[in-house]
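What follows is a single structure, written as structure tokens, with notes after it.
Residue numbers (the working numbering): 26 to 318.
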């Protein structure tokens with residue numbers, strides 16, 4: 026089992042200097058990948074733009090995103106991700122997500138949370154067909170297409186798509202449609218049970234997901250979380266505070282517990298942007314870098 030660790034950029038890491046320091050440090054210290062999450066109303070870079078910049082600045086680091094699918098034009102998204110995969114020479118890692126449900130993000134996405142799963146059900150197969158070079162015609166809630174053929178195509182064939190989510194419908198969808206699972210805010214025991222559900226759904230769909238394609242995204246804090254940040258985290262996701270390890274030894278212990286139940290890919294994200302990414306990455310490397318195999 027190949028253990029790989031990527032690092033997610035925290036809010037406030039949106040300047041050229043901060044992103045350059047992060048990308049350079051990831052490369053020099055042996056981390057697997059840079060991850061940018063899409064939050065339309067949050068203080069974070071647009072992932073397509075940020076990852077394009079990172080691709081041009083470094084030829085080795087893999088580029089990952091947790092990107093919104095609901096609310097997007099399917100052809101435009103297919104074109105953007107295919108173009109990025111071409112420009113980074115096949116280093117792109119894609120996880121598609123339904124998006125957060127709290128205001129104002131809910132309104133910015135523009136799709137009712139109860140309908141987002143159905144959008145993914147329809148749109149993801151269309152993305153795969155476009156990336157495979159098919160000529161696609163379709164008429165449905167995800168869009169009306171008439172003999173659309175995408176060019177350029179992704180370097181990676183196929184361009185794999187992972188999904189997140191821990192709700193029963195999300196787990197079933199992951200098994201039926203995705204190439205991997207990258208949840209967040211769950212315990213190792215919950216993740217292990219979710220994996221069983223996913224693999225059962227995959228078997229029913231007569232497909233399989235690689236045992237190497239189960240990971241987890243973990244937000245962590247280096248120091249006790251201040252009350253204002255704690256309130257904001259809890260307001261957005263009720264379990265966020267209890268599932269956020271505080272201190273790098275706690276982060277390592279949690280990662281080891283996930284590894285013990287078969288999870289091998291990690292995206293670790295400081296909940297507060299560090300003053301120095303280089304110092305943050307050096308501390309992370311010392312604490313968990315040796316887990317990579």
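Glycine included, every Cβ here is placed at the ideal spot set by N, Cα and C.
Cβ-based neighbour list, residue 50, same chain, cut-off 7 Å, excluding 5 preceding and 5 following: 302, 303, 306
Alpha-carbon spacing of residue 287 relative to residue 276, whole angstroms: 17 Å
As assigned by DSSP and simplified to three states, the class of residue 243: strand
Distance CB(residue 31)-CB(residue 69) smaller than 8 Å: no
Simplified DSSP assignment, three categories, for residue 171: strand
Cβ pair count under 8 Å reaching 3, the segment 116-131 against the segment 184-200: yes
Rounded straight-line distance, which links the Cα of residue 300 to that of residue 166: 44 Å
Spatially closest choice to residue 237 from 244, 228, 214, 205, by CA coordinates: 205
Residues of its chain near residue 163, where Cβ-Cβ distance is below 8 Å and the 5 sequence neighbours each way are ignored: 151, 169, 170
Burial state of residue 245, where buried means 16 or more other Cβ atoms lie within 10 Å: buried
Cα-Cα separation between residue 314 and residue 55, rounded to whole angstroms: 8 Å
The segment 86-98 touching the segment 109-119, judged by at least three CB pairs closer than 8 Å: yes
Minimum C-alpha distance to residue 317 - residue among 133, 219, 57: 57
Exposed unless 16 or more other CB atoms sit within 10 angstroms - verdict on residue 74: exposed
Near the ligand ADP: residue 204 beta-carbon under 7 Å from a heavy atom: Among the ligands in the structure shown, none appear at all, so the ligand ADP cannot be discussed.
Enclosing beta strand (DSSP E) for residue 37 [first to last residue]: Per DSSP, residue 37 belongs to no beta strand (DSSP E) and is neither H nor E.
For residue 175 and residue 155, believed in contact at Cβ under 8 Å, the rounded distance: 4 Å
Beta-ladder partner(s) of residue 205, from DSSP: 187
Selection from 113, 86, 234 that minimises the alpha carbon distance to residue 179: 113
First through last residue of the beta strand (DSSP E) which encompasses residue 299: Run containing residue 299: none; DSSP gives neither H nor E here.
The segment 212-231 contacting the segment 196-203, beta-carbon criterion three pairs below 8 Å: yes
Residue 296 beta carbon less than 8 Å from that of residue 269: yes
Classification of residue 132 by the beta-carbon crowding that lies within 10 angstroms, buried from 16 upward: exposed
Beta carbon of residue 291 nearer than 8 Å to that of residue 213: no
Buried versus exposed, by CB contacts within 10 Å (16 or more), residue 26: exposed
4-residue-minimum alpha helix (DSSP H) runs that sit fully inside the segment 101-156, ordered along the chain: 130-134, 138-156
CB contact flag (residue 42, residue 62, <8 Å): no
Secondary structure of residue 30, DSSP reduced to three states: strand
Pair within 8 Å by beta-carbon distance, residue 172 and residue 64: no
Own chain partners of residue 312 with C-beta closer than 6 Å, once the 5 adjacent residues on each side are dropped: 273, 277
Integer-rounded CB distance, given that residue 261 should sit under 8 Å from residue 127: 5 Å
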